[in-house]
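Line by line, the protein sequences are chains A, B, C and D. For reference, each letter of the first sequence is one residue, going -11 to 136 in the working numbering. For reference, each letter of the second sequence is one residue, going -11 to 136 in the working numbering. For reference, each letter of the third sequence is one residue, going -16 to 62 in the working numbering. For reference, each letter of the fourth sequence is one residue, going -16 to 62 in the working numbering. Glycine residues also receive a C-beta, built at the ideal position from the N, C-alpha and C atoms. See below for the structure under consideration.
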Amino acid sequence: METKKKPKKVFVQGAISPEKIATSIGHHQVKTNIGAHDIFLGQVRADEIDGKIVQGIDYTAYEDMAEQKFHEIREAAFEKFDLTCMHIYHSLGPIKAGEICLFVFTSSKHRAMAMDACRFLVEEIKANVPVFGKEIFEDESYQWKVNS
Amino acid sequence: METKKKPKKVFVQGAISPEKIATSIGHHQVKTNIGAHDIFLGQVRADEIDGKIVQGIDYTAYEDMAEQKFHEIREAAFEKFDLTCMHIYHSLGPIKAGEICLFVFTSSKHRAMAMDACRFLVEEIKANVPVFGKEIFEDESYQWKVNS
Amino acid sequence: MMLDLKYLGRIVEVTGVSNEQIESANKMDLKGLRELLNQRYPNLKSESFQIAVNQELKSDDYLIDRTCEIAILPPFAGG
Amino acid sequence: MMLDLKYLGRIVEVTGVSNEQIESANKMDLKGLRELLNQRYPNLKSESFQIAVNQELKSDDYLIDRTCEIAILPPFAGG
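This is the structure:
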């Protein structure tokens, strides 16, 4: 591996806890130029597929490319929107139904920028980041998830 | 006061804490039909106006009408969007710069519904709910805030 | 009929009171009510406000024909 | 030149391995690589995948002319 400057790391092992989200929100209370935050959370659904219930998703990624893509998407968002802060976290590994696997957090002076940017980030992540998910059923069988 | 069924209460005294938000998120982890949450947070800005810095906003409301409006806006959103859950909290009383005064939380099976609904709610609240805010400067002088 | 008036936000600074009751012998539309208030509180003329009757915003041609709660609402600032 | 191949997600179930190296004597475009892979793993024909060269998605006319990392990426499922 080279020692070039690494982009900020997005991937975390395991689910994203509500406490982590609270801590992240709390860190922004000193930034008194912020007027609006928008937070998107992706939560694993217990979908029923052909009579079987999804109990969780096991996430893997082509990690180096994915972190690079996250970095590019962050840069594009900072370019496009007038943001004070931006944070993205995505889970890897097995995440149970009901747990949170994606946390996108944008902050701006005004609401429209925060909301537009959050939506942009979520759509870019879904479309362009090489993350893969195995939907595991209660009987341990599985199928590969595809984003719609 | 009549004893007719009251709409769910939106107003809370004082700022909305990150812990309250975490608790609210945590309560949704048993709802495994949810795939996407969107959260909007309004935070009080320390704006500089004519050389003076806003240190906080003191919120008041025409409470009965406001709670009724919140109720109508909630009903309209449930009608318009396919939502699993929706929560709205708005602060009353003095809120310091950096603290959170509005918490709008929508949950749905898919992301577009959660995001569209959250935005709808925020715009409706800003435009149609009789809430008033006194921006208090550091020298205790003030001016009345108007939504843009 | 009795008009139960509520003044909110910065309007209170003009009226000096947040509640008062006015007895009116005649029906009156909200345009008439605005004139009555402007006479009572001349500084109100420079204020922008909406009027809610029994907690619903009404336009200036709305006719007050019975005892009701009337709120004088300056621009909203929620969120 | 050496092609350092990485298979991701469900593609690994077809190839049975997640990494392998292929020595190629000639330049090759990604269309050619797809044909090579389809011969090596006939079940790949029924899979949908994109190809990244040195961690960037490239189209089928992209020419591989030096040693590089090539990733075979099934549909994304992030978020």
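- Fewer than three pairs of CB atoms, one per stretch, sit closer than 8 angstroms, so the stretch 46 to 60 of chain B makes no contact with the stretch 67 to 84 of chain A.
- Taking Val36 of chain D as the centre and dropping the five residues before and after it, the same chain places the C-beta of Tyr45, Ile47, Cys51 and Ile53 closer than 7 angstroms to its C-beta, in chain order.
- The contact set of Gln17 of chain A on chain B, defined by CB atoms closer than 7 angstroms, consists of Gly86 and Glu87 in chain order.
- Secondary structure note for Gln31 of chain B: its beta strand (DSSP E) is the uninterrupted segment Ala24 to Gln31.
- Rounded to whole angstroms, the Cβ separation of Ile88 of chain B and Gly30 of chain B is 7 angstroms, and the two are in contact under 8 angstroms.
- Around the CB of Val18 of chain B, fewer than 16 other CB atoms lie within 10 Å, so the residue is classed as exposed.
- Of all residues in the stretch 32 to 60 of chain B, only Arg33 and Ala34 come within less than 7 angstroms of chain A when Cβ atoms are compared, listed by chain position.
- Within the stretch 51 to 107 of chain B, the runs of beta strand (DSSP E) that reach at least 3 residues and sit entirely inside it are, in chain order, 71 to 84 and 88 to 96.
- If you draw a 10 Å sphere on the C-beta of Ala64 of chain A, you find fewer than 16 other C-beta atoms in it, and that means exposed.
- By the Cβ-count criterion, Ala60 of chain C is buried, with 16 or more other Cβ atoms from all chains shown falling within 10 Å of its own Cβ.
- Annotated as proximal: Ile(-6) of chain C and Pro57 of chain C, with beta-carbon spacing under 8 angstroms.
- Contact annotation for Pro58 of chain D against chain A: Phe120, Trp132, Lys133, Val134 and Asn135 [CB-CB distance below 9 angstroms, chain order].
- Per the DSSP secondary-structure output, Ala49 of chain B pairs in a beta bridge with B:Val119.
- Just so you know, the alpha carbons of Glu39 of chain C and Met(-16) of chain C end up roughly 19 angstroms apart.
- Exposed is the label assigned to Gln22 of chain C, since fewer than 16 other Cβ atoms lie within 10 Å of its Cβ.
- One finds nothing in chain B with a Cβ atom closer than 8 angstroms to the Cβ of Leu16 of chain C; even the nearest lies about 17 angstroms away.
- Counting only Cβ-Cβ distances below 8 angstroms, Glu126 of chain B has no contacts in chain A at all, with the closest Cβ about 12 angstroms away.
- Non-local beta-carbon contacts of Lys28 of chain D in its own chain, meaning distances under 7 angstroms to residues more than five positions away in sequence, involve Asn21 in chain order.
- For Thr72 of chain A, the closest of A:Leu80, A:Gly44, A:Met103 and A:Ala49 by C-alpha to C-alpha distance is A:Met103.
- What Leu90 of chain A touches in chain D, judged by beta-carbon distance under 9 angstroms, is Gly61 and Gly62, going in chain order.
- Between Ala3 of chain B and Val42 of chain B, the C-beta gap is not smaller than 8 angstroms, which leaves the two residues out of contact.
- Around the beta carbon of Ala24 of chain B, 16 or more other beta carbons lie within 10 angstroms, which makes this residue buried.
- In terms of beta-carbon proximity, Val110 of chain A lines the interface with chain D, with at least one pair separated by less than 8 angstroms.
- Residue pairing by DSSP places Gln38 of chain D opposite no residue, since no beta bridge is assigned to it.
- Residue pairing by DSSP puts Gln33 of chain D in a beta bridge opposite D:Leu56.
- Under the three-state reduction of DSSP output, Asn2 of chain D falls in the strand class.
- Going by DSSP, Gln22 of chain D is part of the alpha helix (DSSP H) stretching over Leu13 to Arg23.
- Secondary structure of Leu(-9) of chain D (DSSP, three-state): coil.
- Only Ala35 and Gln38 from the stretch 30 to 48 of chain C bring a Cβ to less than 7 angstroms from some Cβ of chain B.
- Residue state for Gly44 of chain B is assigned as strand, using DSSP reduced to three classes.
- Note on geometry: alpha-carbon atoms of Thr48 of chain A and Asp35 of chain A lie some 20 angstroms from one another.
- Per the coordinates, the alpha-carbon of Gly14 of chain A lies some 10 angstroms from the alpha-carbon of Glu7 of chain A.
- Bridge pairing for Glu(-4) of chain D: absent [DSSP].
- For Lys8 of chain B, the enclosing alpha helix (DSSP H) begins and ends at Pro6 to Gly14.
- Annotated three-state conformation of Val(-2) of chain B is coil, per DSSP.
- For a Cβ distance threshold of 8 angstroms, nothing in chain C lies close to Gly2 of chain B: the least Cβ distance comes to about 16 angstroms.
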